[in-house]
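Just so you know, the sequence shown maps onto residues 1 to 359 in the UniProt record's numbering.
Below is one structure, written out as structure tokens; comments come after it.
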Amino acid sequence: MTGTPLAVEGLRKGFADRDTVVKAIDDVGFEVKEGEVYTLLGPSGCGKTSTLRTVAGLERPDEGRIVIDGTVVTGDGVFVPPNRRDIGMVFQSYGIWPHMSVFENAAFPLRVARPKVPKKEVAARVESALAAVHLAGFEGRNATQLSGGQQQRLALARALVRRPKLLLLDEPLSNLDAKLRQAMRAELASLQQETGITTLFVTHDQDEALSMSSRIAVMQAGRIVQEGRPRDIYQRPETRFVADFVGTTNFLPGRGADGARVTTDVGDFAVKDAPHAPGDDVLLAVRPESVLLHLSEPSGTPNVLRGRVDRVMFVGEAVDCHIRVGEAVWVTRQDPHLAAVSGDEVWLELPADKIAVLA
Ligand code: ATP
Numbered sequence: 001m002t003g004t005p006l007a008v009e010g011l012r013k014g015f016a017d018r019d020t021v022v023k024a025i026d027d028v029g030f031e032v033k034e035g036e037v038y039t040l041l042g043p044s045g046c047g048k049t050s051t052l053r054t055v056a057g058l059e060r061p062d063e064g065r066i067v068i069d070g071t072v073v074t075g076d077g078v079f080v081p082p083n084r085r086d087i088g089m090v091f092q093s094y095g096i097w098p099h100m101s102v103f104e105n106a107a108f109p110l111r112v113a114r115p116k117v118p119k120k121e122v123a124a125r126v127e128s129a130l131a132a133v134h135l136a137g138f139e140g141r142n143a144t145q146l147s148g149g150q151q152q153r154l155a156l157a158r159a160l161v162r163r164p165k166l167l168l169l170d171e172p173l174s175n176l177d178a179k180l181r182q183a184m185r186a187e188l189a190s191l192q193q194e195t196g197i198t199t200l201f202v203t204h205d206q207d208e209a210l211s212m213s214s215r216i217a218v219m220q221a222g223r224i225v226q227e228g229r230p231r232d233i234y235q236r237p238e239t240r241f242v243a244d245f246v247g248t249t250n251f252l253p254g255r256g257a258d259g260a261r262v263t264t265d266v267g268d269f270a271v272k273d274a275p276h277a278p279g280d281d282v283l284l285a286v287r288p289e290s291v292l293l294h295l296s297e298p299s300g301t302p303n304v305l306r307g308r309v310d311r312v313m314f315v316g317e318a319v320d321c322h323i324r325v326g327e328a329v330w331v332t333r334q335d336p337h338l339a340a341v342s343g344d345e346v347w348l349e350l351p352a353d354k355i356a357v358l359a
């Protein structure tokens, strides 16, 4: 039977911690569609690894169902062990065997598969998996002679060699140095696109999640608090937690004046798509790159704050300009040619359509 590659329903898992129970997974449900990269994103301890391990069958949930490609693998009294689930896995430590050649590492899942895979087919499948991760020609090398990035690709080839329905990736890039991580991010994304394999990805790295995912589920304390496309998660965070965790955000507390205006201590602001009623306490959230900076007072422009430059930090492709507005410090991202120095008086314009209004 075929169906949605992965459906997770009402998953719960608690771990005993002295007298209390830590709710590692607290009613988690989601569906991953064919060919998607679906990412669980959240801070350490939010439950993303536990969720992935439950999907893999390495963990039994207290409650809930997991359905892979139309087959119940966990729940309804069923528990299919990991090696009989149609999945490939790559973890943070790739688990490459140092005493084996590249070929044997990639071939391993086929060697232990039952029913036995014929020798010729093993060779053909390993060859195509190694070609897919651009390791053709490395078959005879010892795995320890590979660089970090190559080992990571070998781990991926090993996960793909059985042509699983679902690929599970748990922080697969976190052992690489920053530059290699960046390169592998693009490589992993294009490998995923080439193979079209449905992928469940776990990371705490927001850049990784934003750049690689079809959809993201942001997790907090065992729950999914927002699910959506990367663009929506970034541009339309629904809670302070999501706005804060994904990217840098400036916050300004206020109170709904009417549907299109919010009153704050530093003035009134016009907003769009504001789901609040007059009198509601709200939080305005504005990304650093959405703030327009003026070096002289703009006339007739709404949504302007006056401030003083606190610090200008050159970050290469941009400058991060910190601006003191009353008691608060606003972070703004500007063109690196910005002619402002510490102490300058400036005006911050907050375009109405770039202000997220959080309840
Ligand atoms: P990290 O990124 O640090 O791995 P995570 O978001 O993946 O974090 P989990 O590893 O799923 O989070 O852990 C969720 C919660 O469950 C944490 O509070 C953790 O301490 C607890 N937990 C996870 N595994 C166990 C275990 N085997 N025994 C006890 N508590 C556990």
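Just so it is clear, CB atoms sit at the ideal spot from N, CA and C, and this is done for glycine as well.
Being a predicted model, the structure only gives us computed values, none of them experimental.
Notebook entry, point to check: If residue 154 and residue 123 are in contact, beta carbons under 8 Å, what's the gap, nearest whole angstrom?
Noted result: Stepping through the sequence shown from its first residue, residue 154 is reached at position 154. Stepping through the sequence shown from its first residue, residue 123 is reached at position 123. The Cβ separation is near 17 Å, so there is no contact.
Notebook entry, point to check: To which residues of the same chain is residue 264 closer than 6 Å at the C-beta, ignoring the five residues directly before and after it?
Noted result: Taking the first residue of the sequence shown as 1, we reach residue 264 at position 264. Closer than 6 Å at the Cβ level, and outside the excluded window around residue 264, lie 252, 254.
Next item on the list: Under 6 Å Cβ to Cβ from residue 23, same chain only, skipping five residues before and after it: list those, please.
Entry: Counting from one through the sequence shown, the residue named residue 23 turns up at place 23. These residues qualify, in order along the chain: 14, 222.
Next item on the list: Say yes only if the C-beta of residue 24 is nearer than 7 Å to one or more non-hydrogen atoms of the ligand ATP, and no if none qualify.
Entry: Mapped onto the sequence shown, residue 24 falls at position 24. It does: the Cβ of residue 24 is within 7 Å (strictly closer) of some heavy atom of the ligand ATP.
Notebook entry, point to check: Quick one, are the C-beta atoms of residue 237 and residue 285 less than 8 Å apart?
Noted result: By 1-based counting over the sequence shown, the position of residue 237 is 237. By 1-based counting over the sequence shown, the position of residue 285 is 285. Yes.
Item checked: Inter-stretch contact (C-beta, 8 Å, three-pair minimum) for the stretch 191 to 207 and the stretch 313 to 320 -> no
Notebook entry, point to check: Expressed to the nearest angstrom, what Euclidean distance is found between the alpha-carbon atoms of residue 145 and residue 103?
Noted result: Indexing the sequence shown from 1 puts residue 145 at position 145. Indexing the sequence shown from 1 puts residue 103 at position 103. Distance between the alpha carbons of residue 145 and residue 103 is about 13 Å.
Item checked: Backbone secondary structure at residue 175 - three-state DSSP -> Counting from one through the sequence shown, the residue named residue 175 turns up at place 175. In the structure shown, residue 175 sits in coil (DSSP, three-state: anything other than H, G, I, E or B).
Note to self: For the ligand ATP, is there any heavy atom lying closer than 7 Å to the beta carbon of residue 108?
What the structure shows: As a first step, residue 108 is located in the sequence shown; it is residue number 108 there, counting from the start. Flag unset: Cβ of residue 108 not near the ligand ATP.
Notebook entry, point to check: Taking all protein chains shown into account, do 16 or more other C-beta atoms lie within 10 angstroms of the C-beta of residue 158, making it buried, or fewer, making it exposed?
Noted result: Sequence index remark: in the sequence shown, residue 158 carries index 158 (1-based). Its Cβ being crowded by 16 or more others within 10 Å, residue 158 is buried.
Notebook entry, point to check: If we count the other Cβ atoms within 10 Å of its Cβ and call it buried at 16 or more, is residue 356 buried or exposed?
Noted result: One-based indexing of the sequence shown puts residue 356 at position 356. So residue 356 counts as buried.
Margin query: Would residue 32 and residue 61 qualify as a contact pair, given that the criterion is a beta-carbon distance under 8 Å?
Written below: Against the sequence shown, residue 32 aligns to sequence position 32. Against the sequence shown, residue 61 aligns to sequence position 61. Not in contact: residue 32 and residue 61 (Cβ atoms no closer than 8 Å).
Margin query: According to DSSP, simplified to helix, strand and coil, what is residue 338?
Written below: For the purposes of this step, residue 338 is taken as the residue at position 338 of the sequence shown. Coil.
Next item on the list: Take residue 113 as the anchor and find which of 323, 248, 84, 173 has the nearest alpha-carbon.
Entry: As a working note, residue 113 is residue 113 in the sequence shown. Checked all of 323, 248, 84, 173; the closest Cα to residue 113 is 84.
Check: Between the Cα of residue 281 and the Cα atoms of 195, 80, 259, 300, which residue gives the shortest distance?
Finding: Counting from one through the sequence shown, the residue named residue 281 turns up at place 281. The shortest Cα separation from residue 281 among 195, 80, 259, 300 belongs to 259.
Note to self: Please classify residue 171 as buried or exposed, where buried requires at least 16 neighbouring CB atoms within 10 angstroms.
What the structure shows: Here residue 171 corresponds to residue number 171 of the sequence shown, with the count starting at 1. Classification of residue 171: buried, given that the 10 Å Cβ count is 16 or more.
Margin query: Please tell me whether, using a cut-off of 7 Å, the distance from the CB of residue 44 to the nearest non-hydrogen atom of the ligand ATP is below it.
Written below: Working through the sequence shown from its first residue, we reach residue 44 at position 44. Because some heavy atom of the ligand ATP lies under 7 Å away, the Cβ of residue 44 counts as near it: yes.
Notebook entry, point to check: Is residue 314 buried or exposed, if buried means 16 or more other CB atoms sit within 10 Å of its CB?
Noted result: Within the sequence shown, residue 314 is the residue found at index 314, counting from 1. Exposed: under 16 other Cβ atoms inside 10 Å.
Check: Under three-state DSSP, which class holds residue 169?
Finding: Within the sequence shown, residue 169 is the residue found at index 169, counting from 1. Strand at residue 169.
Note to self: Between the alpha carbons of residue 70 and residue 312, how many angstroms are there, rounded?
What the structure shows: Within the sequence shown, the letter at position 70 stands for residue 70. Within the sequence shown, the letter at position 312 stands for residue 312. Their backbone Cα atoms lie some 55 Å apart in a straight line.
Next item on the list: Report buried or exposed for residue 151, applying the criterion of at least 16 other Cβ atoms within 10 angstroms of its Cβ.
Entry: Indexing the sequence shown from 1 puts residue 151 at position 151. When all chains shown are included, residue 151 counts as buried.
Margin query: Tell me whether residue 50, by its Cβ, gets closer than 7 Å to a heavy atom of the ligand ATP.
Written below: Taking the first residue of the sequence shown as 1, we reach residue 50 at position 50. Residue 50 Cβ: within cutoff of the ligand ATP.
Next item on the list: May I ask whether a heavy atom of the ligand ATP can be found less than 7 Å away from the beta carbon of residue 393?
Entry: Since the displayed the chain opens at 1 and closes at 359, residue 393 lies outside it and no answer follows.
Check: Do the stretch 25 to 44 and the stretch 208 to 223 touch if we need at least three Cβ pairs shorter than 8 Å?
Finding: yes
Margin query: What would DSSP say about residue 92, mapped onto helix, strand or coil?
Written below: Reading the sequence shown from its first residue, position 92 is the one you call residue 92. DSSP places residue 92 in coil when its eight states are reduced to three.
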